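Visitor:
Number of protein chains: 2
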Amino acid sequence: MTYCVGMLLDEGMVFLADSRTNAGVDQINTFRKMNVFEKPGERVLVLMTSGNLAITQSVLSILNEAIEAGDEQSSLMNVANLFEAARIVGGALREVHRRDAEALKHFGIEFGAALVLGGQIGDEKPRLFSIYAAGNFIEATPETPYFQIGESKYGKPIIDRVLRASTPLAEAAKCALISMDSTIRSNLSVGPPLDLVIVRNNERCIGSQQTLDYESEYLHMIHVKWGEALRQAFRDLPNPLV
Amino acid sequence: MTYCVGMLLDEGMVFLADSRTNAGVDQINTFRKMNVFEKPGERVLVLMTSGNLAITQSVLSILNEAIEAGDEQSSLMNVANLFEAARIVGGALREVHRRDAEALKHFGIEFGAALVLGGQIGDEKPRLFSIYAAGNFIEATPETPYFQIGESKYGKPIIDRVLRASTPLAEAAKCALISMDSTIRSNLSVGPPLDLVIVRNNERCIGSQQTLDYESEYLHMIHVKWGEALRQAFRDLPNPLV
């Protein structure tokens with residue numbers, strides 16, 4: 035399983051991904067789900083992946099091949115804007131679908147993948163897209179400034195309560211990490227190390243990129259303190275009459 | 035959709051169910067998912083249902099018919115213990131499956147239902163079961179003192195953090211209501227009125243039963259104060275360096 039969240043804020047963008055993949059609980063591995071495409075000052079794209087790892091790795095191979103070939107039409111390093119970039123990623127998904135979906139079906143495996151793509155290209159404003167397995171996609175707006183993929187439900191309530199487009203970047207990163215902590219607590223197949231990437235508006239490069247693992251003091255603090263804070267908030271509310 | 039949670043605690047049991055059902059967002063209705071079978075002082079059983087309403091209503095019809103017939107083997111009002119009661123409910127599910135599953139399949143509808151059954155019969159200790167669509171079931175233990183059915187993920191983190199078997203009943207009811215509030219916030223198809231039932235150990239009757247709707251002061255307080263408390267707890271945690 036996977037949990038990734040991407041946020042589009044007034045100050046920039048936050049991307050957070052876990053790195054656990056599993057095929058049954060006895061086959062757990064670490065694969066990065068955070069992919070960065072960057073020409074500093076000119077463009078930065080961040081692509082997070084969830085779903086069948088064979089599918090998402092194939093998508094990335096196709097995207098990387100196009101970049102290496104320097105293709106004008108299909109290279110993420112050449113496209114003129116984020117919308118075209120989302121179309122290219124959706125197109126890569128469709129190519130993998132054409133190639134693999136039928137064979138997967140014979141084994142009763144659904145063609146499942148979901149991606150989040152965000153970044154900034156040239157003079158365009160930063161944009162964030164959620165791309166479905168069918169290759170179609172939607173774009174974040176100020177009213178819904180975030181997208182989740184993978185195991186999204188455990189970590190959604192805290193985001194819905196605190197995140198606004200106006201939330202500062204560091205605070206949004208805290209929100210993403212709390213959301214991730216709730217998810218890790220409730221689903222064994224989501225786990226560290228976590229990849230956290232920040233992109234500031236109009237820098238068109240990675241503002242900061244860090245990997246938080248079990249030894250991370252901040253992650254440990256979130257884990258302990260958030261649980262304590264929730265329990266305290268719970269105690270402070272009056273009981274119902276029963 | 036539905037959200038129900040049942041809790042088995044040292045002092046007794048808490049049952050909470052929403053009452054919204056939907057077949058598409060333009061067809062939303064109120065149906066009670068909380069069903070009580072009671073012979074005060076001798077036995078009390080609480081059955082909560084989720085899933086396809088046609089299936090769960092059929093199950094209840096079968097159970098009620100057996101009660102009216104005074105059947106020794108299959109009436110919830112006659113069985114000797116909770117385990118047998120769970121078998122009877124599972125058996126009713128299997129009967130509906132035999133009758134309807136094939137026809138549902140022709141319309142691409144999966145046979146989906148999940149039930150929670152709890153209560154106390156005679157000298158037996160209180161017990162809580164989670165019953166699957168296949169008619170099989172599992173029983174709650176002190177380590178896992180609760181079961182959820184329906185839209186369970188949004189409301190699970192708070193239960194995991196605060197609920198223990200030793201939690202007092204009123205506090206557990208508060209926990210269930212906060213869990214429900216998080217679910218209602220995140221899933222439009224879960225909604226009030228809410229049915230809250232408390233059963234105290236060895237009373238073998240409903241200890242309290244109340245319906246909380248949008249006008250309920252307590253529910254409103256939970257909704258407002260819990261959100262505020264979460265936002266305050268969130269503000270109190272330091273931001274990460276990004």
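Line order of the protein sequences matches chains A and B.
Residue numbers for the first sequence follow my numbering, beginning at 35 and rising by one.
Residue numbers for the second sequence follow my numbering, beginning at 35 and rising by one.
By construction, the Cβ of each residue, glycine as well, lies at the ideal position given by its N, Cα and C atoms.
These numbers were taken from a predicted model, which means no experiment stands behind them.
#1: If you drop the 5 nearest sequence neighbours on each side, which residues of the same chain put their C-beta closer than 7 Å to that of residue 26 (chain B)?
#2: Please name the residue in B:45, B:156 and B:124 whose C-alpha comes closest to that of residue 172 (chain B).
#3: Applying a beta-carbon distance threshold of less than 7 Å, which residues of chain B neighbour residue 259 (chain A)?
#4: By the DSSP assignment, the alpha helix (DSSP H) with residue 270 (chain B) in it spans what residues?
#5: Can you confirm whether residue 158 (chain A), when its beta carbon is compared against all beta carbons of chain B, has any partner nearer than 8 Å?
#6: Scan the segment 224–248 of chain B and note each continuous alpha helix (DSSP H) run of 4 residues or more that stays entirely inside, going in chain order.
#7: Figure out for me which residue from B:271, B:192 and B:200 has the closest Cα to the Cα of residue 260 (chain B).
#8: Over the uninterrupted beta strand (DSSP E) stretch that includes residue 164 (chain A), give me the two end residues.
#9: So, are the CB atoms of residue 70 (chain A) and residue 276 (chain A) less than 8 Å apart?
#10: Identify which residue in A:194, A:177 and A:90 has its Cα closest to the Cα of residue 149 (chain A).
#11: Quick check on this structure: which residue in A:253, A:228 and A:251 has the alpha carbon closest to the alpha carbon of residue 55 (chain A)?
#12: Around the Cβ of residue 185 (chain A), are there at least 16 other Cβ atoms within 10 angstroms (buried) or fewer (exposed)?
#13: Between the segment 212–228 of chain B and the segment 249–269 of chain B, do at least 3 Cβ pairs fall closer than 8 Å?
#14: If you draw a straight line from the C-alpha of residue 248 (chain B) to the C-alpha of residue 220 (chain B), how long is it?
#15: Between residue 187 (chain B) and chain A, is there a C-beta pair that is closer than 8 Å?
#16: Examine chain A for any beta-carbon lying closer than 8 Å to the beta-carbon of residue 118 (chain B), and answer yes or no.
#17: Closer than 8 Å by beta-carbon distance: list the chain A residues that pair up with residue 190 (chain B), in chain order.
#18: Strictly below 8 Å CB to CB, what residues from chain B border residue 44 (chain A)?
#19: Tell me where the alpha helix (DSSP H) around residue 171 (chain B) begins and ends.
#20: Please name the residue or residues paired with residue 79 (chain A) in a DSSP beta bridge.
#21: Could you tell me if residue 73 (chain B) is buried or exposed, where buried requires 16 or more neighbouring beta carbons within 10 angstroms of its beta carbon?
#22: Could you pull out every residue in the same chain whose Cβ sits closer than 7 Å to the Cβ of residue 79 (chain B), ignoring the five residues on either side in sequence?
Guide: In short, the structure shows the following:
#1: The structure shown does not extend to residue 26 (chain B), since chain B is modelled only from 35 to 276, so the question has no answer here.
#2: B:124
#3: 271
#4: 251–270
#5: no
#6: none
#7: B:192
#8: 161–165
#9: no
#10: A:90
#11: A:228
#12: buried
#13: yes
#14: 16 Å
#15: yes
#16: no
#17: 188 and 220
#18: Within 8 Å Cβ-Cβ: nothing; residue 44 (chain A) doesn't reach chain B, min ~15 Å.
#19: Looking at the DSSP string, residue 171 (chain B) is not in any alpha helix (DSSP H); the run it does join, the beta strand (DSSP E), is 171–173.
#20: A:71 and A:153
#21: exposed
#22: 71, 110, 119, 151 and 153
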